[in-house]
Amino acid sequence: MLTRVEKAQQKWGGSHTVIDNWLNERQELIVLYCKIAGFAPYDKKDHALPEPEQIQSFCQLLMDYLSAGHFEVYDDIAKACEKKGLESQKLANSIYPRISGTTDVALDFNDKYAEVNKEDLLEGFDNDLSVIGESLELRFELEDELIDNLFSNHTD
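Numbering of the sequence shown is given in our numbering, commencing with residue 899 and proceeding in unit increments.
As structure tokens, then:
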């Protein structure tokens, strides 16, 4: 996931402030995901669950990222696609419903874990974390396809 965002930043970075900010937020989200998942270099030494504060921070950043996408970036891309042609508009219209499916997964994760505390047993957390990770990977792929479409077909 982190390699994908680095490639996206290299490819589209500096071209649009909203997209730059969004990709930076995506990178923060991925780093925090790796921390709570215990991926290298953030390996969990005792296989313990992450601290509730880390999970809460992840949920907050996840909601911020989703909001930025839906209320800032996607609207700009949709408007550009409408102006530039039917093929671009068709692509955007085919991708948005798939992105919405990943939003549902993220909202479910947030509903379940945004207000965890130390006493919670967090049964199923590892499985839910895996599901959100896969969903985010798909989402990032679809978002990159939208951004690539925008810059391939709409830049002057």
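Ideal placement from N, C-alpha and C gives every residue a C-beta, glycine not left out. Keep in mind that this is a model prediction, so the values were computed, not measured.
Secondary structure of residue i, DSSP reduced to three states
i	result
alanine 990	helix
glycine 1022	coil
alanine 976	helix
glycine 936	coil
glycine 983	coil
alanine 946	coil
alanine 1012	coil
glutamate 1043	helix
valine 970	Inspection of the sequence shows that residue 970 is occupied by glutamate rather than by valine. Correct three-state label for glutamate 970: helix.
glutamate 1017	coil
threonine 1001	helix
Rounded straight-line distance, which links the Cα of residue j to that of residue i
i	j	result
serine 1028	glycine 1022	10 Å
glutamate 923	cysteine 979	24 Å
phenylalanine 1055	leucine 947	Absent from the model: residue 1055. The displayed extent of the chain is 899 to 1054, so no value can be given.
glutamate 949	isoleucine 997	29 Å
alanine 935	asparagine 919	24 Å
glutamate 926	phenylalanine 937	15 Å
serine 1050	lysine 982	11 Å
leucine 921	aspartate 1018	32 Å
tyrosine 1011	lysine 977	35 Å
threonine 915	lysine 988	25 Å
aspartate 1026	phenylalanine 1007	7 Å
leucine 964	isoleucine 953	16 Å
phenylalanine 956	aspartate 974	26 Å
Integer-rounded CB distance, given that residue j should sit under 8 Å from residue i
i	j	result
leucine 1036	threonine 1000	6 Å
isoleucine 1030	valine 971	With a Cβ gap of about 20 Å, isoleucine 1030 and valine 971 do not count as contacting.
valine 1014	leucine 1020	7 Å
How do the region 948-966 and the region 917-931 stand: do at least 3 beta-carbon pairs fall below 8 Å, yes or no?
yes
Answer yes if the region 981-993 comes into contact with the region 1041-1051, meaning at least three C-beta pairs across the two stretches below 8 Å, and no otherwise.
yes
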